[in-house]
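To start, the structure under review is shown below, and the notes come after it.
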Amino acid sequence: MTLPTIMIIKGTTQLLGVIGYPVEHSFSPLMHNAAIAYLAADYAYLPFPIRPADLKAAIAGFSAIGVQGFNITIPHKQSIIPLLDDVSEVAQAIGAVNTVWRSETGWHGTNTDAAGFLAPLKALNREWSSTPVVILGNGGAARAVVAACYQLGCSQIWVMGRSPDKLKHFAQSWSADIASKLSTLDWEQLGDYLPKAGLVVNATPIGMHPKVTASPLSEAEIGLIPQDALAYDLIYTPRPTQFLQQASAAGLTAIDGLEMLVQQGSAALEIWLKQPVPVAIMRQALLDHLAGQQP
Ligand code: NAP
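Position one of the sequence shown corresponds to residue 126 (the working numbering), numbered consecutively onward.
As structure tokens, this is what we get:
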């Protein structure tokens, strides 16, 4: 597939972007601009490094200059919420916004990470109501995974963490519906829960480039997971991670984080452009970029 490379910026071109601090590592400009060029849409998508102390001023500036929408990455996913005019139910449940768009009534926020996480799972023919899930980590991405697994109908959601205080706070931060299926557990209890899991999700950065030989689970722990279970790593560099290599070797089905990245991005672009977007072009732009980064 040949990707279009020319974008024409005109007097009418509308602005989209991603805010974060830092933001240089973001693949979003690459992925979104590839789709924008393919569609010959009159938009451009830029990275905006915004310090936490400057967030309010930056959003006021976006209003003033007519920015149409933006993605949000660390550290602004929670702190953006009070600056918005409304926030979707899913973003409220997750407690974080990753996509903002404007209308005549102001700034609207949602979270497309849960939908992005779900996309490769929905393509599988599984009975989710009998699938318990083990989630490794209790950070921002784990929140989207919990909301997604609840939406999928997973029977139990077990979140493993290493900090009792953070786990307690995490457990208390959900609606009664979600809390009824959720248990937060100490990492030490993994051995009791892995043998019952139908889906094991790595929502920690363990194994992410450059520490590519690290894995959140030992070989022995991987061996405890039932063979018909899925191993899902949110990490997309390297592909595959050590965790997914171990899981595949043990006969499990492995899913990496690339499709989640593509799908959360395409869901955001669809909101801004109000039209279907070329998901394959976005995926290919990322694959080409990642292939160029391989050592
Ligand atoms: P985060 O908010 O910093 O959370 C990281 C979690 O991992 C925390 O619970 C942290 O525990 C835990 N953790 C870190 N190192 C650990 C270790 N050595 N042992 C046990 N637990 C450890 O990060 P995040 O935003 O959730 O991101 C997590 C991963 O998901 C990253 O690799 C990120 O790239 C990936 N991600 C992928 C996508 C995608 O589209 N594919 C989207 C979002 C995130 P403590 O709180 O105790 O430190």
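Ideal Cβ positions, reconstructed from N, Cα and C, are used throughout, including at glycine.
Since residue i sits in a beta bridge, which residues does DSSP pair it with?
| i | result |
| --- | --- |
| Q428 | One cannot answer for residue 428 here, as it falls past the ends of the chain, which runs 126 to 420. |
| T256 | Its beta-bridge partners do not exist; DSSP assigns none. |
| I380 | Y357 |
| T224 | N196 and T235 |
| F173 | I144 |
| D210 | DSSP, once it has assigned bridges, lists no residue as partnering D210. |
| L249 | BP columns for L249 are empty, so no partner. |
| L261 | M285 and N327 |
Provide the residue span of the alpha helix (DSSP H) that contains residue i, from first to last.
| i | result |
| --- | --- |
| S391 | L383 to L398 |
| F152 | No alpha helix (DSSP H) contains F152, which DSSP labels as neither H nor E. |
| V270 | G265 to L277 |
| V215 | E214 to I219 |
| K181 | L180 to I190 |
| R408 | V404 to Q418 |
| S373 | Q367 to A374 |
Would you grab the beta carbon distance between residue i and residue j for me? Rounded to a whole angstrom, and I think it's under 8 angstroms.
| i | j | result |
| --- | --- | --- |
| A410 | A159 | 4 angstroms |
| R364 | V387 | Not a contact, Cβ separation roughly 13 angstroms. |
| S153 | G348 | At roughly 37 angstroms, the Cβ-Cβ gap does not stay under 8 angstroms, so S153 and G348 are not in contact. |
| I350 | L377 | 6 angstroms |
| I219 | A239 | 6 angstroms |
| G234 | L209 | 4 angstroms |
| T421 | M333 | Past the boundaries of the shown model lies residue 421; the chain is included only from 126 to 420, so the question cannot be answered. |
From which residue to which residue does the beta strand (DSSP E) around residue i run?
| i | result |
| --- | --- |
| D358 | L355 to D358 |
| G426 | The structure shown does not extend to residue 426, since the chain is modelled only from 126 through 420, so no value can be given for it. |
If you measure from the beta carbon of residue i to each beta carbon in chain D, is any gap under 7 angstroms?
| i | result |
| --- | --- |
| G191 | Among the protein chains of the structure shown there is no chain D, as only one such chain exists. |
Length-filtered (4 minimum) alpha helix (DSSP H) runs lying within the region 282-348: 289-296, 301-304 and 315-318
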